[in-house]
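This report concerns only the one structure given below.
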């Protein structure tokens, strides 16, 4: 950490420690004043001190509750964004898998068409049309590669 970061962290720690010390002192006064109130021995100054401490505690509590509520709302928004991102990832992976299947299927069709085209050159008279039709149907997706090859087998 550089000096600037260190000073900011020290300053933040200092503010946190000061708030905690103030809160601890206020709570100690609460306990003392409440003990005196139990015995019915509060002076007007102590009553005013108790009221001031209670109001300060309530104000601080309200501030932290608002802050916590905002943080919870922000956390919920982030949670929803993460869920949406995860759903998008799942959809993208599904689409990728569908395309991979399509590419694999097209590669199989192309390999079968190549074998059929080679067989077309070796076909007996009259079989050329059958081979050409099998290639056309294969390329159109009307038949699977195995079916096209089986149709032209001797």
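Residue numbers (our numbering): -13 to 140.
C-beta atoms are modelled at their ideal positions from N, C-alpha and C, and glycine is treated no differently.
Query                                                                                                                                      : Result
Put residue 84 into one of helix, strand or coil per three-state DSSP.                                                                     : helix
Distance check for residue 38 and residue 2, CA to CA, integer angstroms please.                                                           : 21 Å
Please classify residue 27: does DSSP put it in a helix, a strand, or coil?                                                                : coil
Can you find a CB in chain C that lies within less than 8 Å of the CB of residue 13?                                                       : The chain inventory of the structure shown lacks chain C, comprising one protein chain alone.
Helix, strand or coil: how does DSSP classify residue 55 here?                                                                             : helix
Mind checking residue 124: buried by the 16 CB within 10 Å criterion, or exposed?                                                          : buried
How many Å lie between residue 30 and residue 18 at the Cα?                                                                                : 15 Å
Can you tell which of 49, 25, 96 and 16 has the C-alpha that lies nearest to the C-alpha of residue 34?                                    : 16
So, is residue 7 buried or exposed, given that buried needs 16 or more other C-beta atoms within 10 angstroms?                             : exposed
My output table needs one value for residue 44: the three-state DSSP class, helix, strand or coil.                                         : helix
Just verifying my parser: in three-state terms, what is the DSSP assignment at residue 113?                                                : coil
Counting Cβ pairs, one atom from each stretch, are 3 or more of them under 8 Å apart for the stretch 93 to 103 and the stretch 114 to 134? : yes
Along the chain, where does the alpha helix (DSSP H) that runs through residue 130 open and close?                                         : From DSSP, residue 130 is part of no alpha helix (DSSP H); its letter is neither H nor E.
Please state if the CB of residue 42 and the CB of residue 12 are separated by a distance shorter than 8 Å.                                : yes
Can you give the Cα-Cα distance for residue -13 and residue 92, rounded to whole angstroms?                                                : Because the pLDDT at residue -13 is just 49, under 50, the model does not fix this residue reliably, and the point stays unresolved.
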